[in-house]
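Asks: Mind having a look at this structure? Questions to follow.
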Amino acid sequence: MMPVLAATLSEAWIFYPLAVLTLGGALAMLVSRNAVYAAMSLVLTFFGLAGLYVLLAAELIAALQIIVYAGAIMVLVLFVVMLLNLGEDDLEGPRLSFGSALGSLAALGLWCFLFVVFQGYTDGLPTDLPEGFGTVAGVGKLLYTQFLLPFEATSVLLLSAMVGAVVVAKAKI
Amino acid sequence: MANVPLAHYLALAAAMFSVGLAAVLVRRNALVVFMGVELMLNAANLTILAFSRTLGVQEGHVIAFFVIAVAAAEAAIGLAVMIAVFRSRKTINVDEVDALKY
Chain R
1351 MMPVLAATLS EAWIFYPLAV LTLGGALAML VSRNAVYAAM SLVLTFFGLA
1401 GLYVLLAAEL IAALQIIVYA GAIMVLVLFV VMLLNLGEDD LEGPRLSFGS
1451 ALGSLAALGL WCFLFVVFQG YTDGLPTDLP EGFGTVAGVG KLLYTQFLLP
1501 FEATSVLLLS AMVGAVVVAK AKI
Chain H
21 MANVPLAHYL ALAAAMFSVG LAAVLVRRNA LVVFMGVELM LNAANLTILA
71 FSRTLGVQEG HVIAFFVIAV AAAEAAIGLA VMIAVFRSRK TINVDEVDAL
121 KY
C-alpha cells in the first residue's frame, strides 16, 4: 500500500479552499463581460481542479490538466479572443431577459437535482490504494494494454482535428 | 482528522457543471459559450476521478485522459469555426448567427 496524500494531511484543509477557488473562478467566468477576464478566471478554475485531482491521487491527470487545459487550450482561447479583437460595443451588457432567467433557473434546477442525487455518498474516501494508483506508470500500463485501440484512435482524432482546424480557419487554400 | 465525504466532491462537480450549463444557456458571446462547454467537461472529469478514487480502480483515469484529448480536439475545431464565422459575419454573438447559409 502506498501512502496517500489525503491520509497524511488533513484533507478538509486542502479541499474546501480549493473548492472555493474552483467555484469562484467558474462563477467569475459566468458573470464577466470581457472574454479575456472570463478566460483568465477559467485558468484559475483549471488550476484549482488540478489541485483537487492531486487530492484524489490522480497525479498524471493533474499534470495533464495543467499542461493541456491551462497551458494549451486556454492559450488557444486567448489567442482567438485577441485575434477577433472585439470592440467595446461588442461586450455583452447586463441584460435580464426572459431567456437568460429561464437558463439560470434550468442550471439551478439541475444543480438541486444532482445535489439530492449525490446526498447518498456520505462515506469518506478510502485511505489505502493499490500500488502505483494514478501515477504515470500505473495509468500508462492500462493505456498501452487494455485501452491500446482507443489510445491509437485518439491520435488519429487529434491529427484529423489538426487538419480540420487548418482547413476551416484558413481563408483560402 | 477531518475526512471529506464523497458527496462534497460530487456536489462541487455538480455546481461546476451547472455553472457551465448556465454559461452555455445565458451568455451570447460564442467564446464564453465554448468556455462553458469546457467547464462542463471538467466537471464530468472531477466526478469520474472522485468515483475512481473511491472504488480504487484506474480505468476512470484512462477515461479522464480521453476526455482531455477529445476536449483538445474540440477546442481546435471550435475556435477554427469561430474564426471562420467571424470572418464572414464580423460577429460571434450566438443570437445573431442564426442562418445556415450566409
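Line by line, the protein sequences are chains R and H.
Residue numbers for the first sequence follow this note's numbering, beginning at 1351 and rising by one.
Residue numbers for the second sequence follow this note's numbering, beginning at 21 and rising by one.
Heads up, the beta-carbon is just placed ideally off N, CA and C, and yes, glycines get one too.
Since the structure is predicted, the reported quantities are computational estimates derived from the model, not experimental observations.
Can you give me the C-alpha to C-alpha distance between Leu1460(R) and Leu1380(R), rounded to a whole angstrom?
Replies: Stepping through the first sequence from its first residue, residue 1460(R) is reached at position 110. Stepping through the first sequence from its first residue, residue 1380(R) is reached at position 30. Their Cα atoms are separated by approximately 16 Å.
Asks: I want to verify the contact list: residues of chain R whose CB lies under 9 Å from the CB of Glu79(H), in sequence order.
Replies: Taking the second sequence and counting its residues from 1, the one referred to as residue 79(H) is at position 59. The answer, in chain order, is Leu1492, Gln1496 and Phe1497.
Asks: Give the interface partners of Val1427(R) over in chain H, defined as CB-CB distance under 8 Å, in chain order.
Replies: Here the question's residue 1427(R) lines up with position 77 in the first sequence. The contacting residues are Leu51, Phe54, Met55, Ala95 and Leu99.
Asks: Given a threshold of 16 other Cβ atoms within 10 Å of its Cβ, counted over all protein chains shown, does Arg47(H) qualify as buried or as exposed?
Replies: The residue labelled residue 47(H) in the question sits at position 27 within the second sequence. Classification for Arg47(H): buried.
Asks: Contact criterion: CB-CB distance below 8 Å. Does Met1390(R) meet it with respect to chain H?
Replies: Position 40 of the first sequence, counted from the first residue, corresponds to residue 1390(R). Met1390(R) does not count as touching chain H.
Asks: Would you say Val1489(R) reaches chain H, if we count a Cβ-Cβ gap shorter than 8 Å as a contact?
Replies: Reading the first sequence from its first residue, position 139 is the one you call residue 1489(R). So yes, Val1489(R) belongs to the interface.
Asks: Under the assumption that Leu26(H) contacts Ala70(H) (Cβ atoms under 8 Å), give the Cβ distance between them as a whole number of angstroms.
Replies: The count along the second sequence starts at 1 and reaches residue 26(H) at position 6. The count along the second sequence starts at 1 and reaches residue 70(H) at position 50. Indeed, because the Cβ distance is near 6 Å, the residues count as touching under 8 Å.
Asks: Does Leu120(H) come within less than 8 Å of chain R when only Cβ atoms are used?
Replies: Walking along the second sequence from the start, residue 120(H) turns up at place 100. Not an interface residue.
Asks: Between Met1424(R) and Leu1392(R), how many whole angstroms is the CB-CB distance? I'm expecting something under 8 Å.
Replies: Looking up residue 1424(R) in the first sequence gives position 74. Looking up residue 1392(R) in the first sequence gives position 42. Right, their Cβ atoms sit about 6 Å apart.
Asks: Using only alpha-carbon positions, find the residue among Ala1511(R), Thr1395(R) and Arg1383(R) that is nearest to Ile1416(R).
Replies: What you label residue 1416(R) is simply residue 66 of the first sequence in a count that begins at 1. Residue Thr1395(R) is the option with its Cα nearest to Ile1416(R).
Asks: Which partner residues does Gly1474(R) have in the DSSP bridge list?
Replies: On the first sequence, residue 1474(R) is found 124 positions in, with the first residue counted as 1. Answer by DSSP bridge pairing, in chain order: Pro25(H).
Asks: Is Asn49(H) helix, strand or coil when you go by DSSP?
Replies: Translated into positions along the second sequence, residue 49(H) becomes position 29. Correct three-state label for Asn49(H): strand.
Asks: Mind reading off the beta-carbon distance from Val53(H) to Val114(H)? Whole number of angstroms is fine, and I expect it under 8 Å.
Replies: If you number the second sequence from 1, residue 53(H) lands on position 33. If you number the second sequence from 1, residue 114(H) lands on position 94. Going by Cβ atoms, the distance from Val53(H) to Val114(H) rounds to 6 Å, so yes, they are a contact pair.
Asks: State buried or exposed for Ala1451(R), treating a residue as buried only when at least 16 other CB atoms are found within 10 Å of its CB.
Replies: Start at 1 with the first residue of the first sequence, and residue 1451(R) comes out as number 101. So Ala1451(R) counts as exposed.
Asks: Using a Cβ cut-off of 7 Å, pull out every chain R residue sitting near Ala31(H), in sequence order please.
Replies: Looking up residue 31(H) in the second sequence gives position 11. Ordered by position in chain R, the residues that pass the 7 Å Cβ test against Ala31(H) are Phe1465 and Phe1468.
Asks: Determine, for Glu58(H), whether the minimum Cβ-Cβ distance to residues of chain R falls below 8 Å.
Replies: The residue you call residue 58(H) lines up with position 38 of the second sequence. For Glu58(H), the answer is yes, since a Cβ of chain R falls inside 8 Å of its Cβ.
Asks: Reducing DSSP to helix, strand and coil, say where Leu1479(R) ends up.
Replies: If you number the first sequence from 1, residue 1479(R) lands on position 129. Strand.
Asks: In the DSSP assignment, find the alpha helix (DSSP H) that holds Arg107(H) and state where it starts and stops.
Replies: Within the second sequence, numbered from 1, the residue matching residue 107(H) stands at position 87. Counting along the chain, the alpha helix (DSSP H) containing Arg107(H) begins and ends at Glu79 to Arg109.
Asks: List, in order along the chain, the chain H residues whose C-beta lies closer than 8 Å to that of Ile1411(R)?
Replies: Numbered from 1 along the first sequence, position 61 holds the residue referred to as residue 1411(R). What Ile1411(R) touches in chain H: Asn65, Leu69, His81, Ala84, Phe85 and Ile88.
Asks: Mind reading off the beta-carbon distance from Asn49(H) to Ile112(H)? Whole number of angstroms is fine, and I expect it under 8 Å.
Replies: As a working mapping, residue 49(H) is identified with position 29 in the second sequence. As a working mapping, residue 112(H) is identified with position 92 in the second sequence. The pair is a contact, with the Cβ atoms about 7 Å apart (cut-off 8 Å).
Asks: Chain H beta carbons: is any one of them nearer than 8 Å to that of Glu1502(R)?
Replies: In the first sequence, counting from the first residue as 1, residue 1502(R) sits at position 152. False, the Cβ-Cβ gap to chain H never drops below 8 Å.
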